Amino acid sequence: MQVQPYLFFEGRCDEAIEFYKKALGAKVDMLMRFKEAPDQSMVAPGSAEKVMHAAVRVGDTQMLMSDGRCQGSANFNGFSLAVSAASEAEAEQMFNALAAGGQVRMPMAKTFFSPRFGMVADKFGVGWMVLVER
């Protein structure tokens, strides 16, 4: 069994994918636009070029993404994505990249469980916990 996050960016999915490519080295495994849907009656006017479904790989994890209903107000409350770095330098780099245009919730610091740990909401509002595993 595998559990995968599915994030709905409400019209900003292309922007999010490009951001995660730069910030985390994400790679697009698959991307389908609404114009490719077999039943166009279900597609909202003006959303043909928006992302209906994307599979994006970050490290060993595949995240699923969409523009959803393209209503412009994504809500990512109630969860965070945790990403483990191989080194303190890599953790700092990822944290700073994710924080660009976002909000630092807990600055990177040494904790009792990790030599580097921090929490940030990226510019889309997605919460991230960046850490180095011991």
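First residue of the sequence shown: -5, per the numbering used here; consecutive thereafter. Glycine included, every Cβ here is placed at the ideal spot set by N, Cα and C. Quick caveat, the model's predicted, so the values are computed rather than measured.
With a cut-off of 8 Å on the beta carbons, I'd call residue i and residue j a contact; round off their distance for me.
i: residue 48; j: residue 22; result: 6 Å
i: residue 85; j: residue 25; result: Not really, about 29 Å apart at Cβ, beyond 8 Å.
i: residue 96; j: residue 114; result: 6 Å
Can you tell me whether residue i is helix, strand or coil according to DSSP?
i: residue -5; result: coil
i: residue 2; result: strand
i: residue 31; result: coil
i: residue 15; result: helix
i: residue 107; result: coil
i: residue 187; result: Limits of the chain in this structure are -5 at one end and 128 at the other, which puts residue 187 out of reach.
i: residue 23; result: strand
i: residue 42; result: coil
i: residue 10; result: helix
Rounded to whole angstroms, what's the CA-CA distance from residue i to residue j? Just pull it up for me.
i: residue 72; j: residue -1; result: 13 Å
i: residue 5; j: residue 118; result: 11 Å
i: residue 77; j: residue 27; result: 28 Å
i: residue 7; j: residue 103; result: 31 Å
i: residue 44; j: residue 51; result: 19 Å
Apart from the five residues just before and just after residue i, which ones in its own chain have a Cβ nearer than 6 Å to its Cβ?
i: residue 105; result: 111
Once the 5 residues before and after residue i are set aside, which same chain residues still bring their CB inside 8 Å of it?
i: residue 82; result: 109, 110, 126
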